[in-house]
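Inspection log for the structure reproduced underneath, given as structure tokens.
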Amino acid sequence: MPTLSRIPSLQFSRRDALRGLLGAGAAAAFPLRGATPAPPLVGKAKSVIQIWMWGGPSHTDTLDPKPEAGYDYCGPFNKPIATKTDGLRLNELLPLMAQQSDKYSVIRSMTHGIFAHETASYAVQTGRKPGERLVYPCAGAVVSLFKGEATAGSLIPPYIVLTQPQGRFSENGFLGERYRPFATGGDPAQPRFAVEGVVAPGVSDQRQLDRRDLLHKLNTLDHAMQDDSLVKTLDHAEQRAYELILGDAGKVFDLAQETDAVRDSYGRNTFGQSCLAARRLVERGVPYVTINYQGWDTHRQNFQVMRQKLPQMDKGLATLLQDLSDRGLLDSTIVWWGGEFGRTPKVLWEAPWNGGRNHWGDCFCAMLAGGGFKGGRFVGSSDARGEQVRDRPVYPVDLLGSVYAQLGIDPDGKIPNNLGLDVNVTTGGAGRLKELL
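For the sequence shown, the working numbering begins at 1 and goes up steadily by one.
Encoded structure:
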């Protein structure tokens, strides 16, 4: 299986980031040249919150526990807890998620057979086989293309990643740079969420206003050429930039507008506050938000990491589901939890792993909630040790095709593009998760 080389991180100035942010927000207002999207389906969902479990979470330590397999497989997690859903058990450190199981469904038979991060990430997020001639766009870019009119005319981009770029492959693929996600940077758990290009650390709003006033006083060329079309264009761009920095648009990232009780309910950590930020973004009509939840590549000391991360995930994700439901947003918002693969069901007790788990692409889990997907169900099953799919294999293209259809995007329709490519949204023969509809 060929692998994709990891994309190196790039350094951008704040000005570069803001330019990209404004461009991303405006992209939805201008359709791709020479192509007309197919008439949309009638979809129940308007937005997606993708909780991307970067590194690949252990399926047997989260949503598909296997205590009967013995200590070499379950380790110390031998007391799974029941949920509201008959036949569905969760890890003992997920009690809040167990109480919310009527709101989501678990797919226990995800598979693609890929064991490398880059190629598995590409397969899960595009539904395509790695190594083909084209680099296809991921789900966020596709949704941004078809549903970006939700933020057309707004300064808020249609595809946002909280907080760091995923970095495994080119998310925008052949669609080009304007469909690359805007990664916020910063940490929403800090007193002020320093969104790249919007909030400058250590610079107050008043200081931003003072800077703008000084700039206008010093810009004698602008005063002398007020009727010049280029100058007018630059002035308009500046006004939009400052509207995002100081106006109402940028306030969507200001979590201080939420009560302390709400912020506490999500958990005062990066993941919990990212879930809160995601809820605020879909409230404003953003069609695709990814929470890049890092730290799940547990080759070493898996169980120590799980004891730290699972309670954070439990609180943040359970609160997100309940909050979306209480606000009437869950019916129109798909919540998709999952990573690029699972992890080896058999624990690696020996050094240097010391209780770690490696990559496992033969069988893993995903979770879907909201947006027309029924809760309180599960699809498929794994074998007694969680090593292989026992029944109802679900491939990434099946999950993505179902998500697209719920959004009103025809999985069999064409992807408009400027390259003249004749390509469909998904590959032919994509299945559907009919059990959840």
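Just so it is clear, CB atoms sit at the ideal spot from N, CA and C, and this is done for glycine as well.
Would you mind working out which of the options sits nearest residue i, comparing C-alpha positions?
i           : options               : result
residue 285 : 140, 122, 262 and 147 : 147
residue 119 : 353, 47, 138 and 351  : 138
residue 74  : 283, 159, 278 and 303 : 303
residue 323 : 309, 295, 294 and 264 : 264
residue 300 : 57, 51, 319 and 43    : 57
residue 427 : 132, 68 and 63        : 132
residue 143 : 330, 334, 109 and 129 : 334
residue 84  : 378, 281 and 277      : 378
residue 332 : 359, 373, 122 and 356 : 373
residue 305 : 111, 364, 354 and 385 : 354
residue 392 : 351, 109, 340 and 345 : 109
residue 357 : 64, 188 and 59        : 59
residue 162 : 61, 275 and 254       : 275
residue 106 : 352, 424 and 367      : 367
residue 262 : 318, 126, 67 and 166  : 318
residue 388 : 111, 315, 101 and 371 : 111
residue 296 : 338, 321 and 266      : 338
residue 279 : 344, 325, 342 and 424 : 325
residue 360 : 351, 343 and 352      : 343
residue 98  : 45, 321 and 351       : 321
residue 77  : 61, 431 and 87        : 61
residue 174 : 70, 415 and 277       : 415
residue 397 : 121, 183 and 63       : 121
residue 309 : 87, 82, 45 and 91     : 91
residue 104 : 369, 116 and 408      : 369
residue 87  : 381, 401 and 433      : 381
Apply the 10 Å Cβ neighbour rule to residue i and answer buried if 16 or more other Cβ atoms are within range, or exposed otherwise.
i           : result
residue 410 : buried
residue 30  : Reliability fails at residue 30, whose pLDDT of 38 lies under 50, so the model's placement of it is uncertain and no value is given.
residue 349 : exposed
residue 399 : buried
residue 437 : exposed
residue 421 : exposed
residue 480 : As displayed, the chain neither begins before 1 nor continues past 437, which places residue 480 out of reach and without an answer.
residue 79  : exposed
residue 449 : The structure shown has nothing for residue 449, since the chain only spans 1 to 437.
residue 125 : buried
residue 168 : buried
residue 255 : buried
residue 375 : buried
residue 439 : Any property of residue 439 remains undetermined from this structure, which presents the chain solely from 1 to 437.
residue 424 : exposed
residue 260 : exposed
residue 42  : exposed
residue 130 : buried
residue 145 : buried
residue 352 : exposed
residue 128 : buried
residue 68  : exposed
residue 27  : Reliability of the predicted coordinates at residue 27 is poor, the pLDDT of 43 falling under 50, and no value is obtained from them.
Which residues share a DSSP beta bridge with residue i?
i           : result
residue 424 : 414
residue 290 : 50 and 161
residue 348 : 356
residue 337 : 51 and 367
residue 107 : 366 and 379
residue 342 : 360
residue 142 : The partner list for residue 142 (beta bridge, DSSP) is empty, contrary to what the question assumes.
residue 90  : 81
residue 115 : DSSP lists no partner for residue 115.
residue 373 : 370
residue 394 : 110
residue 69  : None, per the DSSP bridge assignment.
residue 183 : 161
residue 389 : 382
Quick one: residues in its chain with C-beta nearer than 7 Å to the C-beta of residue i, no 5 flanking neighbours on either side, listed in chain order?
i           : result
residue 172 : 137, 141, 179 and 180
residue 25  : Reliability fails at residue 25, whose pLDDT of 44 lies under 50, so the model's placement of it is uncertain and the value that follows must be treated cautiously. Same-chain partners within the cutoff: 151, 154, 155, 156 and 157.
residue 311 : 93
residue 281 : 160, 252 and 289
residue 435 : 377 and 379
residue 403 : 48, 139, 334 and 336
residue 383 : 390
Counting only the same chain and skipping the five closest in sequence on each side, list residues whose C-beta sits under 8 Å from that of residue i.
i           : result
residue 72  : 346, 347 and 349
residue 293 : 51, 52, 53, 54, 271, 274 and 313
residue 269 : 189, 312 and 316
residue 185 : 17, 163, 164, 194, 195 and 196
residue 386 : 59, 60, 64, 66, 69, 73, 342, 345 and 363
For residue i, collect the residues of the same chain with a Cβ closer than 6 Å to its Cβ; drop the 5 residues on either side in sequence, then sort them by chain order.
i           : result
residue 36  : Reliability fails at residue 36, whose pLDDT of 48 lies under 50, so the model's placement of it is uncertain and the value that follows must be treated cautiously. So no residue of the chain qualifies.
residue 287 : 47, 143, 147, 150 and 158
residue 431 : 398
residue 277 : 162 and 188
What are the complete beta strand (DSSP E) segments, minimum 3 residues, inside the segment 246–278? With a minimum length of 3 residues, no continuous beta strand (DSSP E) run stays inside the segment 246–278.
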